Amino acid sequence: MGNTKVLAAVYGPREVRSMGKQQFDECIIQCQMSRIAASQGERLKRPTDQRTRAMSQHIAGVFHAAIRKSKYPGSQIDIYLQVLQADGGVMSACINASTLALIHAGVEVVDYVVSCTASMNKQTPILDVTNQETNTGCELTTAILPNKGSIVYLDTAHTVHRDQFEEVMDLAMAGCQQVYEAMHREVESYLEDKHAIMSHR
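Just so you know, UniProt numbering puts 185 at position 185 of the sequence shown, and the rest follows in order with no gaps.
Structure follows, in structure tokens:
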């Protein structure tokens, strides 16, 4: 999204590696996120720092609400994310990339998960926030199941004034809907192309 670039890959459903984690009635969702050294314009001591691990846990939690876990009992699904370039909205980009990767992998979901960031800059609401815009104002990140109308993730990077929260939230929700429409078009186009290729074999 914007100048933020993320690679996503999904492996599974596959056998649970640790028997201690195995759940026989549904599957385990795991996420591992890493950043290349220059993804934030500075060298990181470790590609997976504490904040990155926390984001990985949040993303796994988000997709617990979206994946039909009962379809894959006793198995696990692993989401791998690599942030190539970060200029704001990293969490949203990771969630959106994960959604597309899951669909591409054929994992059954109850709905798309789409995410967007919004902020307030000098009384002006803005969408798809950059790092510079985050540093000068609040940042609200939300993720929704657009067809179900459910919010599955909500976070603020800085304090959002009560008088501004509703306006920023409404903008973020509208942004999520735009992301959903764009993603849905791309998925439909991909599935049509895939069907056309398969029918000619």
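Quick reminder that beta carbons are idealized off the backbone N, C-alpha and C, glycines included.
Small disclaimer: the values here were computed from a predicted structure and weren't measured.
Query raised in the report: Can you check whether the CB of T159 is closer than 8 Å to the CB of C138?
Result: Against the sequence shown, residue 138 aligns to sequence position 138. Against the sequence shown, residue 159 aligns to sequence position 159. It is a contact, given that the beta carbons lie within the stated cut-off.
Query raised in the report: Among all the DSSP beta bridges, which residues are the ones paired with Y80?
Result: Start at 1 with the first residue of the sequence shown, and residue 80 comes out as number 80. DSSP lists A9 and Q32 as partners of Y80.
Query raised in the report: Do you know offhand how far V152's Cα is from Q50's?
Result: Taking the first residue of the sequence shown as 1, we reach residue 152 at position 152. Taking the first residue of the sequence shown as 1, we reach residue 50 at position 50. About 22 Å.
Requested in this report: Taking only the alpha-carbon atoms, compute the straight-line gap between L140 and H184 and give it to the nearest angstrom.
Outcome: For the purposes of this step, residue 140 is taken as residue 140 along the sequence shown, with counting starting at 1. For the purposes of this step, residue 184 is taken as residue 184 along the sequence shown, with counting starting at 1. Distance between the alpha carbons of L140 and H184: 23 Å.
Report task. Please report the residue range of the alpha helix (DSSP H) in which V152 lies. Result -> Translated into positions along the sequence shown, residue 152 becomes position 152. Counting along the chain, V152 falls outside any alpha helix (DSSP H), though it belongs to the beta strand (DSSP E) covering S150 to T156.
Requested in this report: Select from S119, V109, I79 and T4 the residue whose C-alpha is nearest the C-alpha of T142.
Outcome: Numbered from its first residue, the sequence shown carries residue 142 at position 142. Of the listed residues, the one whose Cα sits closest to T142 is S119.
Query raised in the report: For K122, does the count of other Cβ atoms within 10 angstroms reach 16, so buried, or fall short, so exposed?
Result: Mapped onto the sequence shown, residue 122 falls at position 122. That one is exposed.
Query - Terminal residues of the beta strand (DSSP E) in which C116 lies - result: For the purposes of this step, residue 116 is taken as residue 116 along the sequence shown, with counting starting at 1. That run of the beta strand (DSSP E) goes V114 to N121.
Query raised in the report: Helix, strand or coil: how does DSSP classify A54 here?
Result: As a position in the sequence shown, residue 54 is number 54, starting the count at 1. Helix.
**Report entry** With 16 other Cβ atoms within 10 Å as the buried cut-off, status of Q76
**Finding:** Residue numbering aside, residue 76 sits at position 76 when the sequence shown is read from its first letter. Taking a 10 Å sphere around the C-beta of Q76, we find 16 or more other C-beta atoms and assign the residue as buried.
Requested in this report: Put E108 into one of helix, strand or coil per three-state DSSP.
Outcome: The residue you call residue 108 lines up with position 108 of the sequence shown. DSSP, read as helix, strand or coil, puts E108 in coil.
Query raised in the report: Taking the alpha-carbon positions, what's the M173 to I95 distance?
Result: Translated into positions along the sequence shown, residue 173 becomes position 173. Translated into positions along the sequence shown, residue 95 becomes position 95. Distance between the alpha carbons of M173 and I95 is about 15 Å.
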